[in-house]
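Chemist:
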Amino acid sequence: MSTKAASTRKIRRPLFSLRSASIRFAMAYAMMFTVSAFLFLSVIWWGAIGLLERQVEASVSADLRALSERWTEGGLPALTLAIEDRLEDNFDEDSIYLLIDQHGRRITGNLPTWPASVQLSGVWYQLSVHRIGLKSVAEVQAIDLPKGFRLLIGRDVRGRILLRHLLANILIWAVIMITGLALGGALLIRKMTQRMIQSIARTTSAIAHGDLSRRMPLRGRGDELDEVAIAINDMLERISRLMDGVKQVSNSIAHDLRTPITRARARLEYAALHAHDETALRQAVEHGVDDLDRITTVFEALLRIAQIEAGARRSAFAWFDLVPVIGDIAELYEPVADEHQIVLMLRMPNSLRFYGDRMMIQQAVSNLLDNALKYSPEKSTVTLSVASGANPGKGGITSTSERLVTIAVTDQGIGMSDEDLKRASERFFRADAARNTPGSGLGLALVQAIVQLHFGTLRFNRRNPGISAVMDMPLPPDPEVSRPASGP
Amino acid sequence: MHILLVEDDPTVRDFVAKGLAEIGHIVDQADNGKDGLFLAVSENFDVIILDRMLPGGIDGLKILETLRGQKNSTPVLVLSALADVDDRVAGLQAGGDDYLTKPFAFSELLARVEALGRRGRNEHAPQTRLEVGDLEMDLLSRVVRRSGQKIELQPREFRLLEFLMRHAGQVVTRTMLLEGVWDYHFDPQTNVIDVHVSRLRQKIDKPFEKSMIHTVRNAGYMLQAE
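If you read the protein sequences in the order shown, they are chains A and B. Using the numbering used here, the first residue of the first sequence is number 4, and each one after it goes up by one. Using the numbering used here, the first residue of the second sequence is number 975, and each one after it goes up by one.
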């Protein structure tokens, strides 16, 4: 089974295989082209032939009327004269006249004898005639005159036949040429798509085999091929970021959870072997429980980050006023700041409607405040500010909104080096200066995940002294504001 | 209190049941959904502790929905290994009165169970005044007095004290305060609650001889007259 599947995959397709999408496309295209050309030429055919036919009929009818009038006005001599006049004036030599008497004898005209097939009058006949040495086709009509005289009037329609042949030839050649062009086009399309698909297929199969560093080559023309390539590259970027994240988390779990687990285990084991009294034993157990609690906290934070990063938590998104929500958080931390003799300054508008997950925003701001307070010296100021403005990054894939909401926490603390800042929102990253303060190293990673969930960015500005953590989040148009504004 | 414990893990069940029995509660146990549901509908309990994921086809939420469908309003504490916000909301929407995620500290469980048991008893009388020892709180005029002396409180301090007074004589954990007073369901890393309580102490206890707000080690706080 498997060898068969493998071998069919390797078969090189013949040049014109119906399994090729481009060939199918080109075939359909050619078919459509042929049908439309056929219809087009048919319309011309019927239009041209029909027009000629009507013209012949009209002119013969007019002739019949005029010559009958001549008969009634001047009798046989006038009619004969008129016919001879006409034959003389007929430069194209396509008119046919014949006048016979009651015995069938020819009086005048350019046909030698009355054709046997023409019996009734007022009916169209088509005859083959020999005129001026040429075999030709004519359309004729007869009319009965008084006293048994009969008049036959017709037109030579050789031209029409020629035209018909010409059109038929055109049609055949058109079909041949269209088919040729379509096949050529199909080959061209097939080649083009093959080139595009093959380059995509090569890259993706390299990635499928584990080489995540490969990227689609860009040709810089900005065409559809480049668009596809850019989209695929973006996707690869995201995948490799996620993969890195997974790798990092598993490394971190291995390291940062293993350490406290080892510690707890060692403590408990030591107590079980060496504790002399109940107090020592009890103390060891309590420490063990504390260690487990810390492990749980880290574990929960990791899970939460992973969950937020998966982007599955937008179900709780809603419109709410950001100002009281932020105000509440500030109020929660105000006594903590007070205790450390830090001034917590609030800069907010009176009201600011925001679209997002209220609890997540609370958590993010709480983490930022927590950090700021932890690393601020006494008698300094921590500023929490909320503002909204025009979105300078408008036009990106995620930031199509007009407005940007900015929540910033600025402190005057120990700050961070540029290098550390770059890594600040990585999981478990802790700057050397912060190693001795309690914390899991997951706070900013969580903030980062929350900001990304809101399609925003988390950036850090270095202050002198201190640091400013800024959450920029785009705001979609407010349904409650835009509705009355767009109305009359 | 008469407590029903429905939990399939024998270690956790023993741990909880023994802990509750030591304090003097009567604990009935079930290790699967079917027995749990049978006990829950056939007897009167003060509190039901319900694990969310149970073997035997009937899970915790199903039991909860059945109980509430029968107009049984016994307070239910849902225990769950699912810590997700959505799971929490689902647990509360099904009729749970409180939600505790595993792993948990026994003190946290105990505090919540006792709070639920008490709520079940005096839920029917809407109060306008709270009184604990010489501490009085008028919920309408929002005035707090201790020994007749008026105490000025910030709105949040008022709510914090109200929560403590409503649970007077019981241990109240930091998480319970964060949930009950601030309505936050996440864990702030620093000891914000301790700072708030110590502020409240400054106003309620400091000027007086006896302190009423006690710290319970490894658990939380307790407001008590004596």
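All C-beta atoms in this analysis are idealised placements derived from N, C-alpha and C, irrespective of residue type, glycine included.
Please classify D1071(B) as buried or exposed, where buried requires at least 16 neighbouring CB atoms within 10 angstroms.
Modeler: It counts as buried.
Chemist: If you measure from the beta carbon of T299(A) to each beta carbon in chain B, is any gap under 8 Å?
Modeler: So, interface residue.
Chemist: With which residues is F323(A) paired in a DSSP beta bridge?
Modeler: Bridge partners of F323(A): F357(A).
Chemist: Return the chain-ordered list of same chain residues with a C-beta closer than 7 Å to the C-beta of K425(A), the five sequence neighbours on each side being excluded.
Modeler: none
Chemist: Give me, in chain order, the residues of the same chain whose beta-carbon lies closer than 7 Å to that of L228(A); leave out the 5 immediate sequence neighbours on both sides.
Modeler: M199 and R222
Chemist: If K339(A) sits next to V1166(B), beta carbons under 8 Å apart, how far is it from one beta carbon to the other, in whole angstroms?
Modeler: The sequence given here places Val at residue 339(A); Lys does not occur at that position. Right, the Cβ-Cβ distance comes to about 6 Å (below 8 Å), so this counts as a contact.
Chemist: Can you confirm whether the segment 169-179 of chain A touches the segment 81-88 of chain A when touching is taken to mean that 3 or more C-beta pairs between the two stretches lie within less than 8 Å?
Modeler: no
Chemist: Taking one C-beta from the segment 297-316 of chain A and one from the segment 333-349 of chain A each time, how about it: are there three or more such pairs within less than 8 Å?
Modeler: Taking 8 Å as the limit for Cβ pairs, the verdict is that the segment 333-349 of chain A does not touch the segment 297-316 of chain A.
Chemist: Compute the Euclidean distance between the alpha carbons of L1113(B) and L1135(B), then round it to the nearest angstrom.
Modeler: 11 Å
Chemist: Which chain B residues sit within Cβ distance under 8 Å of S318(A)?
Modeler: Those are D1060, listed as they occur along chain B.
Chemist: How many angstroms separate the CA atom of D1108(B) from the CA atom of M1139(B)?
Modeler: 12 Å
Chemist: So if I threshold CB-CB distances at 7 Å, which residues from the segment 334-351 of chain A count as touching chain B?
Modeler: E334, L335, Y336, P338, V339 and E342
Chemist: Using Cβ-Cβ distances below 8 Å, what residues of the segment 1060-1092 of chain B are close to chain A?
Modeler: D1060, P1077 and A1079
Chemist: Looking only at C-alpha atoms, which of P263(A), A257(A), I210(A) and T262(A) sits nearest to M238(A)?
Modeler: Checking every option, the nearest Cα to that of M238(A) belongs to I210(A).
Chemist: Using the C-alpha atoms, what's the distance from R1130(B) back to N374(A)?
Modeler: 23 Å
Chemist: Could you run through the segment 1150-1166 of chain B and flag, in chain order, every residue whose CB is less than 9 Å away from some CB of chain A?
Modeler: L1152, W1156, D1157, Y1158, H1159, F1160, D1161, P1162, Q1163, T1164, N1165 and V1166
Chemist: Check the Cβ of L376(A) against every Cβ in chain B and list those closer than 9 Å, keeping chain order.
Modeler: T1164
Chemist: With the cut-off set at 8 Å, would you say Q1144(B) and E1088(B) are in Cβ contact?
Modeler: yes
Chemist: Around the Cβ of L979(B), are there at least 16 other Cβ atoms within 10 angstroms (buried) or fewer (exposed)?
Modeler: Buried, since its Cβ has 16 or more Cβ neighbours within 10 Å.
Chemist: Which residues in the same chain have their Cβ closer than 8 Å to the Cβ of P482(A), if we skip the five residues on either side of it in sequence?
Modeler: W322
Chemist: Should D159(A) be labelled buried (16 or more other beta-carbon atoms within 10 Å of its own) or exposed?
Modeler: buried
Chemist: Could you tell me whether any Cβ in chain B is nearer than 8 Å to the Cβ of E240(A)?
Modeler: No, E240(A) lies away from the interface with chain B (no Cβ there is under 8 Å from its Cβ).
Chemist: For chain B, is any of its Cβ atoms less than 8 Å away from the one on D414(A)?
Modeler: no
Chemist: Just to confirm my understanding: we take D360(A), look at its own chain, exclude 5 residues before and 5 after, and list those with CB closer than 6 Å. What are they?
Modeler: A319 and F320
Chemist: Which bits of chain E does A1057(B) rub up against, with CB to CB less than 9 Å?
Modeler: The question asks about chain E, but that chain is absent: this structure's protein chains are A and B.
Chemist: Please say whether N1046(B) and V1021(B) have beta carbons closer to each other than 8 Å?
Modeler: no
Chemist: Output, in chain order, the set of chain B residues within a Cβ distance shorter than 9 Å of S369(A).
Modeler: Y1158, F1160, P1162, Q1163 and V1166
Chemist: Measure the CB-CB distance between T409(A) and D475(A) and report whether it falls below 8 Å.
Modeler: Yes.
Chemist: Where do the ends of the beta strand (DSSP E) carrying M199(A) lie?
Modeler: Element bounds for M199(A): not the beta strand (DSSP E) but the alpha helix (DSSP H), R161 to A211.
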